[in-house]
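For reference, the structure is listed below as structure tokens.
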Ligand SMILES: Cc1cc2nc3c(=O)[nH]c(=O)nc-3n(C[C@H](O)[C@H](O)[C@H](O)COP(=O)(O)OP(=O)(O)OC[C@H]3O[C@@H](n4cnc5c(N)ncnc54)[C@H](O)[C@@H]3O)c2cc1C
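Residue numbers (the working numbering): 3 to 380.
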């Protein structure tokens with residue numbers, strides 16, 4: 003990692019600890035992050051880390067982006083998800099959009115003036131992406147989109163969305179294409195997510211597209227390429243979600259360890275009780291294992307190697323470590339752990355969400371079952 007990358011990550015870590023963590027307790031009551039925080043995140047480079055320098059990015063690579071996600075999630079998973087989703091859209095625009103479209107949409111995303119989202123999920127299609135029903139048909143030299151998207155990070159405030167839609171028969175994965183949609187355009191109607199559990203700081207929501215007309219150059223990934231692109235990009239998302247889970251578990255362990263020194267029970271600090279410290283030690287062990295698998299997945303992605311299996315291992319291990327040990331760590335702080343100034347309850351909810359986004363645990367286990375011993379004769 004270069005000195006520049008190290009300095010940027012140190013500044014992001016400070017931003018997370020000093021400016022995000024204290025605000026996060028308000029977001030858990032439904033309040034949205036202030037627009038100014040997105041601008042401050044942009045100044046630190048949080049929307050440009052893995053965007054090419056030729057397009058105004060920092061070109062620091064995937065590993066730095068994943069570490070930034072880890073540091074941000076330690077403070078607030080929802081806000082970290084919000085930032086990385088805008089970053090992902092910026093990178094996709096750079097990779098696939100015409101110079102005109104880039105000029106129109108990119109600067110506001112790179113500089114935190116607007117947010118963006120990637121919309122695959124629909125009320126009737128989640129894990130089974132190929133069954134999405136949003137339709138795109140050719141019209142007047144462009145495209146006409148109709149459909150509904152649900153459970154989309156940033157959809158509450160995003161100016162722009164990458165919308166995956168079907169151009170052929172229902173269920174034909176080769177007919178899926180990706181379009182850039184201006185969510186302020188006529189025919190777009192957004193709705194908030196109806197769950198308090200889904201972290202207001204992630205801006206989760208949905209939108210309906212009713213006869214939304216797009217010019218031809220808003221087709222970013224043509225039919226025949228979009229489904230494959232999702233499947234390869236999703237490995238990176240799995241690796242950074244794994245890194246986020248490691249960041250949250252590490253943050254929880256820091257709080258618990260500090261509390262174990264100061265809180266007295268039966269005449270001694272909590273950590274002097276063997277039964278108490280062994281449950282914390284189990285969480286440390288699970289974290290070390292999850293981090294090792296996550297590091298390996300990040301390294302493979304960063305060096306351009308196939309990471310399907312490694313990313314699946316990392317996300318399964320990290321979500322399970324967080325899901326198993328967050329309740330234990332919350333319990334280890336007694337009632338104090340429930341106070342909103344600690345991230346424990348928020349990270350507990352995040353653990354649940356992390357098992358769904360970018361491939362649920364069952365989808366990933368299927369991937370492991372298929373790839374882990376692919377050479378074994380049956
Ligand atoms: C907070 C939040 C943010 C999100 N952000 C985004 C976003 O930005 N963009 C986006 O496109 N989507 C987003 N999603 C949606 C997410 O990707 C889906 O929730 C996920 O794909 C699972 O789909 P589903 O919820 O419809 O569950 P379903 O697909 O209905 O599955 C329900 C359960 O059944 C299991 N299951 C399904 N099929 C099988 C099978 N074949 N074998 C065994 N088990 C199976 C699943 O693992 C799951 O446990 C978000 C979700 C949440 C909660």
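No residue lacks a Cβ here, since even glycine has one placed at the ideal position from N, Cα and C.
Simplified DSSP state of residue i, which is helix, strand or coil
i           : result
residue 181 : strand
residue 127 : strand
residue 282 : helix
residue 271 : strand
residue 168 : strand
residue 144 : strand
residue 317 : helix
residue 151 : strand
residue 120 : strand
residue 50  : coil
residue 332 : helix
residue 138 : strand
residue 266 : strand
residue 163 : strand
residue 60  : coil
residue 342 : coil
residue 310 : helix
residue 360 : coil
residue 197 : coil
residue 186 : coil
residue 296 : helix
residue 1   : Because the chain here runs from 3 to 380, residue 1 falls outside it and cannot be looked at.
residue 304 : helix
residue 174 : coil
Buried versus exposed, by CB contacts within 10 Å (16 or more), residue i
i           : result
residue 343 : exposed
residue 109 : exposed
residue 127 : buried
residue 295 : buried
residue 36  : exposed
residue 246 : buried
residue 67  : buried
residue 2   : Because the chain here runs from 3 to 380, residue 2 falls outside it and cannot be looked at.
residue 90  : buried
residue 335 : buried
residue 78  : buried
residue 17  : buried
residue 263 : exposed
residue 155 : buried
residue 269 : exposed
Residue from the options whose Cα sits closest to the Cα of residue i
i           : options               : result
residue 360 : 372, 61, 264 and 240  : 240
residue 315 : 299, 326 and 303      : 299
residue 227 : 264, 214, 169 and 203 : 169
residue 363 : 329, 317 and 376      : 317
residue 174 : 97, 107, 272 and 229  : 229
residue 165 : 147, 159 and 177      : 147
residue 366 : 282, 233 and 289      : 233
residue 306 : 237, 22, 254 and 186  : 237
residue 215 : 187, 207, 223 and 222 : 187
residue 253 : 8, 11, 4 and 15       : 15
residue 207 : 194, 218 and 23       : 194
residue 86  : 105, 53 and 106       : 53
residue 223 : 75, 135 and 180       : 180
Terminal residues of the beta strand (DSSP E) in which residue i lies
i           : result
residue 156 : Here residue 156 belongs to no beta strand (DSSP E), and DSSP marks it neither H nor E.
residue 211 : 207-217
residue 191 : 190-194
residue 112 : First-last for residue 112: 101-112, but that is the alpha helix (DSSP H), not the beta strand (DSSP E).
residue 222 : 221-223
Under 7 Å between C-beta atoms of residue i and residue j
i           : j           : result
residue 71  : residue 242 : yes
residue 112 : residue 58  : yes
residue 56  : residue 88  : no
residue 80  : residue 203 : yes
residue 331 : residue 373 : no
residue 189 : residue 213 : yes
residue 157 : residue 209 : yes
residue 324 : residue 250 : yes
residue 163 : residue 124 : no
residue 339 : residue 328 : no
residue 92  : residue 40  : no
residue 320 : residue 292 : yes
Heavy atom of ligand 3 within 6 Å of residue i beta-carbon
i         : result
residue 4 : This structure simply doesn't include ligand 3; it includes ligand 1 instead.
Minimum Cβ-Cβ distance from residue i to chain C less than 7 Å
i           : result
residue 268 : Considering every chain present, this structure includes no chain C. It has just one protein chain.
Start and end residues, alpha helix (DSSP H) containing residue i
i           : result
residue 373 : 363-373
residue 350 : 346-356
residue 93  : 79-98
residue 202 : Careful: residue 202 lies outside any alpha helix (DSSP H) and carries neither H nor E.
residue 28  : 23-29
residue 9   : 5-17
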